[in-house]
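Structure, as structure tokens:
Residue numbers (my numbering): 3 to 329.
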């Protein structure tokens, strides 16, 4: 196996967290690379011999100007999800192969979503909060009539990588699962409905669509109003999918519940009512890969780099035509 000349291009703090000693050692075995050299700005960097960029969050854009100084560049291996932030049109025009670790990053988001769905239907967060405050047992059936996961209905909005993985993780449970995605053509083994029907039928609505102009405020005031009383909205995607003002009004009225891993702004102002409403759980964008989960992305990207070094096509290659409908 040959060792292609490779450059690590990402934010330096990202590299510290992503590339542990084992990953750096493996990277050095696969490629001709200085695993401790991390570039977060291509200005003044000698790219003349670089064949592969090993990238992650914080990689600067690979523009036409950058490519002009990198005549031997043939591949970009991204140890994270979306490549839209750094892979420009010039990359595609040059025919450079691109791979992504989006499948690896989808796993913790799907796991977070699964836990959120099961907790939401079981009213775990609400009961735990009440128990901590009141410190006495109660008739929880009377307080939360019908709570639990048996034969509840869950709606998946967006048959993305994450949406599909959530559907797979839900299969062992006694739940009815609906999916809504205008681009879905194959049978995922669950009931496909349009979004307006989905929101009216589900006890939990979980968002997994990309942030695109056509998905802006996909959950608008009308669709939020159409959700069942006591239903839960889960957003592990992007805040732009939800009319946050309309959602806040529904939550303040006590009609809906929400689990929000992404808000607008991403760090809410200190006075935001979403922090204090008892029917809301807000987390600071932690559903994706963090901590030990970063190693999964690094490993997948290293697997792809090894495939490239052996002359094999990427297993997780990105097609430019798919970017108009992906995150």
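Quick reminder that beta carbons are idealized off the backbone N, C-alpha and C, glycines included. Here the structure is a predicted model, which means the values were calculated and not measured.
- Looking at the DSSP output, residue 101 bridges to 79, 319.
- A distance below 8 Å between beta-carbons, with the five flanking residues on each side excluded, links residue 51 to the following residues of its chain, in chain order: 7, 74.
- Annotation for residue 178: the continuous beta strand (DSSP E) segment containing it runs 177-182.
- Runs of the alpha helix (DSSP H) lying entirely within the region 149-176 and spanning at least 4 residues, in chain order: 163-172.
- In this structure, DSSP gives residue 128 a helical state, which the three-state scheme calls helix.
- The region 186-206 makes no contact with the region 87-103; the number of CB pairs closer than 8 Å stays below 3.
- Ranked by Cα distance from residue 159, the first of 36, 26, 320, 235 is 235.
- Note on residue 208: 16 or more other CB atoms within 10 angstroms of its CB, so buried under the neighbour-count rule.
- Every beta strand (DSSP E) stretch that sits fully inside the region 197-252 and reaches 3 residues is listed by chain position as 206-209, 234-237.
- The region 43-57 makes contact with the region 67-85: 3 or more CB pairs, one atom from each, lie closer than 8 Å.
- For residue 300, the closest alpha carbon among the candidates 63, 226, 224, 24 is that of 24.
- The C-alpha of residue 203 is placed about 16 Å away from the C-alpha of residue 148.
- By the beta-carbon neighbour count (other beta carbons within 10 angstroms, threshold 16), residue 229 is buried.
- For residue 111 against residue 164, the beta-carbon gap comes to about 5 Å, under 8 Å, which counts as contact.
- Taking C-alpha positions only, residue 247 is separated from residue 157 by approximately 22 Å.
- In this structure residue 107 is buried. Its beta-carbon is surrounded by 16 or more other beta-carbon atoms within 10 angstroms.
- Taking C-alpha positions only, residue 129 is separated from residue 32 by approximately 51 Å.
- According to the DSSP assignment, residue 261 belongs to the beta strand (DSSP E) that extends over 259-262.
- In this structure residue 4 is in contact with residue 311, their Cβ atoms being roughly 6 Å apart against a cut-off of 8 Å.
- In the structure shown, residue 48 adopts coil according to DSSP, grouped into three states.
- Under DSSP, residue 64 shares a beta bridge with 89.
- Counting only residues of its own chain and dropping the five nearest sequence neighbours on each side, residue 223 has a CB closer than 6 Å to the CB of 245, 248.
- Bounds of any beta strand (DSSP E) do not take in residue 18; it lies within the alpha helix (DSSP H) bounded by 14-20.
- Linking residue 101 to residue 231 through their CA atoms gives a straight-line distance of about 43 Å.
- The beta carbon of residue 167 sits closer than 6 Å to the beta carbons of 108, 112 from its chain, once the five residues preceding and following it are set aside; these are given in chain order.
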